[in-house]
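Right, one structure below, let's go through it.
Numbering (this note's numbering), first residue to last: 425 to 606.
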């Protein structure tokens, strides 16, 4: 494979691609920039924190991702991200590190906009975190442990999320968050 082929694949990939160093965008393709509502090249040198609804979510997702990448060099989840205009959307994110001993030193990431499959609701920061972990299959107790809160607090947030989405069971909540038909 030639360098020109690699550059072509990166430039024209139908998914967003970004290369980061210590969570700073080193380069990204036009699909990535467009997905987040930024002109091509304008995100280079910027922290990926810019793409999160809150700094707390940037920190929490980073902590969870770092733990996973330290074990296997890869991490993936489905999370709510934020565009330049402030609108939020569900995004499937997958990353791979070049060095397991220092995972964030250099990574390649893929981003897939899931707006058409997933409803976006006016969730609080904590509800967005719980939604992300719920869709990943975590139990209330696992979510509580990951976020450093009680499982009763998680249950309360999930109850409010169910009200906002108009569902009555935990299974319906997960299906709705995952964009599955009810």
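The beta carbon of each residue, even a glycine, is placed where N, CA and C say it ideally should be. Please read all numbers here as calculations on a predicted model, not as lab measurements.
Test item: CB-CB of residue i and residue j under 7 Å
i, j, result
"residue 568", "residue 578", "yes"
"residue 471", "residue 448", "yes"
"residue 442", "residue 533", "yes"
"residue 502", "residue 516", "yes"
"residue 607", "residue 507", "The structure shown does not extend to residue 607, since the chain is modelled only from 425 to 606, so the question has no answer here."
"residue 535", "residue 446", "no"
"residue 473", "residue 460", "no"
"residue 499", "residue 489", "yes"
Range of the contiguous alpha helix (DSSP H) that encloses residue i
i, result
"residue 597", "594 to 602"
"residue 436", "427 to 436"
"residue 568", "564 to 571"
Spatial neighbours of residue i in its chain, beta-carbon cut-off 7 Å, leaving aside the 5 residues before and after
i, result
"residue 581", "550, 551 and 554"
"residue 545", "588 and 589"
"residue 444", "450, 472, 531 and 533"
For residue j and residue i, the rounded distance between their alpha carbons
i, j, result
"residue 562", "residue 570", "10 Å"
"residue 504", "residue 592", "23 Å"
"residue 615", "residue 456", "As displayed, the chain neither begins before 425 nor continues past 606, which places residue 615 out of reach and without an answer."
"residue 458", "residue 478", "20 Å"
"residue 484", "residue 519", "16 Å"
"residue 426", "residue 475", "32 Å"
"residue 440", "residue 433", "12 Å"
"residue 510", "residue 556", "19 Å"
"residue 594", "residue 437", "36 Å"
"residue 586", "residue 572", "22 Å"
"residue 537", "residue 583", "27 Å"
"residue 575", "residue 462", "38 Å"
"residue 565", "residue 601", "19 Å"
Boundaries (first-last residue) of the beta strand (DSSP E) holding residue i
i, result
"residue 516", "512 to 521"
"residue 500", "498 to 506"
"residue 449", "448 to 452"
"residue 584", "No beta strand (DSSP E) contains residue 584, which is instead part of the alpha helix (DSSP H) from 575 to 589."
"residue 559", "Careful: residue 559 lies outside any beta strand (DSSP E), inside the alpha helix (DSSP H) at 549 to 559."
"residue 535", "531 to 537"
Residues near residue i in its chain [Cβ-Cβ closer than 8 Å; skip 5 each side]
i, result
"residue 539", "513 and 514"
"residue 547", "504, 555, 585 and 588"
Sequence-distant residues of its chain with Cβ nearer than 6 Å to residue i (five each side left out)
i, result
"residue 452", "442 and 467"
"residue 609", "Since the first and last residues shown for the chain are 425 and 606, residue 609 lies out of range."
"residue 521", "493, 497, 527 and 531"
* beta strand (DSSP E) runs wholly inside the stretch 440 to 490, at least 3 long, in chain order -> 440 to 445 and 448 to 452
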